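Enquirer:
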Amino acid sequence: DGKVVLANGEAPKTVDLASIQQIIKPKPVVEDLVWKGNVDMALDYKRADKDTNDYDIDFKTTARHGQWRHTGQGEYNREFQDDVTTTDNWALEYDLDRFLTEHWFWQGRLTYKRDKVEDLSRQR
């Protein structure tokens with residue numbers, strides 16, 4: 001015969017066996033997903049001539065599925081000196097990578113930064 005019926009979530013279709021170049025067993029996302037990340041938090045209180053309260057939080061997480069990698073990261077920084085806000089900023093970043101080969105990949109990136117003290121807002 002030289003034909004095979006493909007049935008994987010779509011309507012079954014018959015194709016020539018010679019036209020098949022690769023057979024990959026489908027994997028559910030849960031089995032193929034690799035997710036890792038970390039969160040860092042810091043609180044620093046200083047009591048001296050100037051009382052200082054400093055709050056910092058950073059996170060980074062990466063999820064990889066097949067040839068796709070998603071990376072999200074962010075940070076928040078706030079500092080008070082004698083009850084006056086001297087630092088108040090945050091940033092978020094999202095990266096999407098598509099691996100073309102083992103060493104080459106395409107990347108898209110979205111970044112947003114906000115600084116309330118410097119009154120800066122920047123997007124890329």
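If you're matching positions, the sequence shown starts at 1 in the UniProt record's numbering and goes up one per residue.
Where a beta carbon is used, it is the ideal one built from N, C-alpha and C, also for glycine.
Fair warning: this is a prediction, and the values are worked out from it, not measured in the lab.
(1) What is the C-beta distance between residue 45 and residue 57, in whole angstroms, given that I count them as a contact (C-beta under 8 Å)?
(2) Measure the beta-carbon distance from residue 79 to residue 54 and round it to whole angstroms, keeping in mind my assumption that it falls under 8 Å.
(3) Tell me the DSSP secondary structure of residue 17 in three-state form.
(4) Report the three-state DSSP secondary structure of residue 32 (helix, strand or coil).
(5) When DSSP builds the beta bridges, which residues end up paired with residue 60?
Expert: Quick look at the numbers:
(1) 16 Å between Cβ atoms; not a contact.
(2) Residue 54 and residue 79 do touch by the CB rule: their CB atoms are close to 5 Å apart, below 8 Å.
(3) Of the three classes helix, strand and coil, the one that applies to residue 17 here is helix, per DSSP.
(4) Collapsing the DSSP output to three states places residue 32 in a helix.
(5) Note: residue 60 sits in a beta bridge opposite 38 and 73.
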